[in-house]
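Peer 1:
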Ligand SMILES: [Zn+2]
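Residue numbers (this note's numbering): 5 to 245.
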């Protein structure tokens, strides 16, 4: 028996996150074959099952056949999300209808807006997300702040927001390079601009989203364009359908 044990490959105790801090997801099959798993069902929030590794205390939720690590703060956030209604008042809805919604790959409705909170804070780069998909995962890390719809006093169009017409055209954009869906636009001074796919905001120097107009040009790698700058300080507003 002793000899047999020598040849059996030893499983690591815990989970992949115990050994690699930066890991964000791993397959259930990997966990079962390579680890003596210490991950167990820990709590339920709404319809989401939360799992926890008793060795490294990392928290996970399951997405298809993978465990996805839950980021700091997301659990408290989910609790509020499931507790409150997060419905949009008819007043805010009429403002949203004026700006126009864009559907993303997961059928979430997104609206670029300028918002004012009840506490007086104002944000020019606010994406309003209307969806019944719970706010969990890495997408939510891209925002400086996440706000619930009931904290909002008013919604207006943002001068950096991209118009409904342009966003509708972008729905049919073709992929020219990996992850690159160029749409050629123009300003009224004839400056050629390129946005990537269903962008919601634009800012580069003095040029703002509201300056952009549709153009019949198609993207040509030999031409020079002005591309969007990375926009920091974006916030996300969560609302349910
Ligand atoms: Zn672990």
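Beta carbons: idealized from backbone N, C-alpha and C, even for Gly.
Predicted model only: the values in this text are computed from it and were never measured.
Here's the rule I'm using: 16 or more other beta-carbon atoms within 10 Å means buried, otherwise exposed. How should residue 241 be labelled?
Peer 2: Translated into positions along the chain shown, residue 241 becomes position 237. So residue 241 counts as buried.
Peer 1: Just to confirm, is the Cβ distance from residue 203 to residue 230 under 7 Å?
Peer 2: In the chain shown, the residue the question calls residue 203 occupies position 199. In the chain shown, the residue the question calls residue 230 occupies position 226. Not a contact, by the Cβ cut-off of 7 Å.
Peer 1: Leaving out five residues before and five after residue 43 in sequence, what residues of the same chain have Cβ atoms less than 6 Å from its Cβ?
Peer 2: Here residue 43 is taken as the residue at index 39 of the chain shown, counted from 1. The residues are 19, 55, 57.
Peer 1: Can you tell me the Cα-Cα spacing of residue 193 and residue 83, whole angstroms?
Peer 2: The sequence position of residue 193 within the chain shown is 189, counting from 1. The sequence position of residue 83 within the chain shown is 79, counting from 1. When rounded, the distance between both Cα atoms is 49 Å.
Peer 1: Confirm the yes/no value for this check: CB of residue 41, any heavy atom of ligand 1, distance under 6 Å.
Peer 2: Within the chain shown, the letter at position 37 stands for residue 41. In this structure, residue 41 has its beta carbon at no less than 6 Å from each heavy atom of ligand 1.
Peer 1: Would you mind reading off the limits of the beta strand (DSSP E) that contains residue 181?
Peer 2: Start at 1 with the first residue of the chain shown, and residue 181 comes out as number 177. Segment: none, residue 181 is in no beta strand (DSSP E) and carries neither H nor E.
Peer 1: Mapping the DSSP letters down to three states, classify residue 37 as helix, strand or coil.
Peer 2: Position 33 of the chain shown, counting from 1, holds the residue named residue 37. Residue 37 carries a helical assignment under DSSP once its states are collapsed to helix, strand and coil.
Peer 1: In the DSSP assignment, what residue or residues form a beta bridge with residue 158?
Peer 2: Taking the chain shown and counting its residues from 1, the one referred to as residue 158 is at position 154. DSSP links residue 158 through a beta bridge to 120.
Peer 1: For residue 136 and residue 66, which I take to be in contact (beta-carbon distance under 8 Å), what is that distance rounded to the nearest angstrom?
Peer 2: The residue you call residue 136 lines up with position 132 of the chain shown. The residue you call residue 66 lines up with position 62 of the chain shown. Contact doesn't hold; Cβ gap of about 19 Å is too wide.
Peer 1: Check whether the Cβ of residue 21 sits closer than 6 Å to any heavy atom of ligand 1, and report yes or no.
Peer 2: Walking along the chain shown from the start, residue 21 turns up at place 17. Answer for residue 21: yes, Cβ within range of ligand 1.
Peer 1: Starting from residue 47, trace the beta strand (DSSP E) in both directions and tell me its first and last residue.
Peer 2: Here residue 47 corresponds to residue number 43 of the chain shown, with the count starting at 1. Counting along the chain, the beta strand (DSSP E) containing residue 47 begins and ends at 43-49.
Peer 1: Using a Cβ-Cβ cutoff of less than 7 Å, which residues in the same chain neighbour residue 218 once the five nearest sequence positions on both sides are dropped?
Peer 2: Counting from 1 along the chain shown, the entry for residue 218 is found at position 214. Cβ neighbours of residue 218 beyond the five flanking positions: 169, 170, 173, 189.
Peer 1: Relative to ligand 1, is the shortest distance from any of its heavy atoms to the C-beta of residue 62 smaller than 6 Å?
Peer 2: The sequence position of residue 62 within the chain shown is 58, counting from 1. Correct: residue 62 has its Cβ closer than 6 Å to ligand 1.
Peer 1: Confirm the yes/no value for this check: CB of residue 18, any heavy atom of ligand 1, distance under 6 Å.
Peer 2: For this step, residue 18 is matched to residue 14 along the chain shown. Ligand 1 approaches residue 18 closely enough that one of its heavy atoms is under 6 Å from the residue's Cβ.
Peer 1: Using a Cβ-Cβ cutoff of less than 7 Å, which residues in the same chain neighbour residue 107 once the five nearest sequence positions on both sides are dropped?
Peer 2: For the purposes of this step, residue 107 is taken as residue 103 along the chain shown, with counting starting at 1. Excluding sequence neighbours, residue 107 sits near 113.
Peer 1: Do the stretch 84-91 and the stretch 115-133 meet, that is, are 3 or more Cβ pairs less than 8 Å apart?
Peer 2: no
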